[in-house]
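Worksheet: one structure, shown below.
Residue numbers (the working numbering): -13 to 204.
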C-alpha cells in the first residue's frame, strides 16, 4: 500500500451531497476483484453522455463537458471535495479502488458512509472529515481559483488551502484514529501488518507442529 504522509495537489469540487458508490463506480463495471482498471469508469454516468458498458473504448465516448472532472483545469487533480454523506449506498470496495486508480489520494467531506470510510484506509486513500463550514469555505475558494491546491499533512492532521503558495484557508484540523494514522503513514494494509509478525507466526507454527503434529499432516 502506498504510504500517505503529506500530499499537496489540485482539488476538484464535486458540489453534491449523498454521492453513492453506484455513482462512483456503476455496478456493470464490477467485473474484477483486482484493484486496478476502474479509473476510466469512475463517475461513469456523469462523465460520459452515453451509457457505459465493460469493454467500451472510453476514448471514443462523448464526454459531459459540464462535469468537473472533464474540465481542463482539473485534469491533474488528486484531491476530491464533496458535500455531506460521501460514499453512501452499497458496500462495494470497488468505489475506493476506482478513486485511487483514477489518481485521487484523498477526499474531503463533512461526513461519510461508515463502510466506505473504513474501506478507504485499507487502500491508502485518506478520507478527511471537516466541518460543514470548513467544507463550504473550500468550495467558495475553488469557485474563485480553479487551480486551488490543498496541502494535507497527516502527521499534523491538518488541511491547508493554497493558491500559488499563498495560504487562503486553514490550516483546518481533522481527527483520525491513531492506529489508522500509523498504518497510512507506513503504508501498512492488513497483509503487511500480518507479515510484520511472520517470524512470530513461524515460531508458533513450529511449536504447534511439535505439540500436535497431526494437525500439519496433508
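Glycine included, each C-beta is placed from N, C-alpha and C at the ideal position.
- Collapsing the DSSP output to three states places residue 194 in a helix.
- Per DSSP, reduced to three states, the secondary structure at residue 108 is coil, with no helix or strand assignment.
- If you draw a 10 Å sphere on the C-beta of residue 83, you find 16 or more other C-beta atoms in it, and that means buried.
- The beta carbons of residue 96 and residue 67 sit no closer together than 8 Å.
- For the options 160, 99, 147 and 155, the alpha carbon positioned closest to that of residue 7 is the one of 99.
- Within the segment 133 to 173, complete beta strand (DSSP E) segments of at least 3 residues are found at 135 to 139, 144 to 149 and 152 to 159, given in chain order.
- Bridge partners of residue 72 according to DSSP: 98.
- Residue burial annotation: residue 80 is buried, with at least 16 other C-beta atoms found within 10 angstroms of its C-beta.
- In this structure, DSSP gives residue 80 a helical state, which the three-state scheme calls helix.
- Each of 159, 198, 87 and 108 was checked against the Cα of residue 141, and the nearest Cα belongs to 159.
- For the pair of segments examined, the segment 107 to 121 was found not to touch the segment 27 to 47: the number of CB pairs separated by less than 8 Å stays below three.
- For residue 37, the three-state secondary structure derived from DSSP is coil.
- -3 is the residue among 74, -3, 77 and -11 whose C-alpha sits nearest the C-alpha of residue 126.
- By the C-beta density criterion, residue 178 is exposed, having fewer than 16 other C-beta atoms within 10 angstroms.
- Less than 8 Å divides the Cβ of residue 29 from the Cβ of residue 55.
- The residue among 23, 200 and 137 with its C-alpha nearest the C-alpha of residue 63 is 137.
- Listed as beta-bridge partners of residue -7 by DSSP are 138.
- Residue pairing by DSSP places residue -2 opposite 66 in a beta bridge.
- Just measuring C-alpha positions, the residue of -12, 13 and 147 sitting nearest residue 31 is 13.
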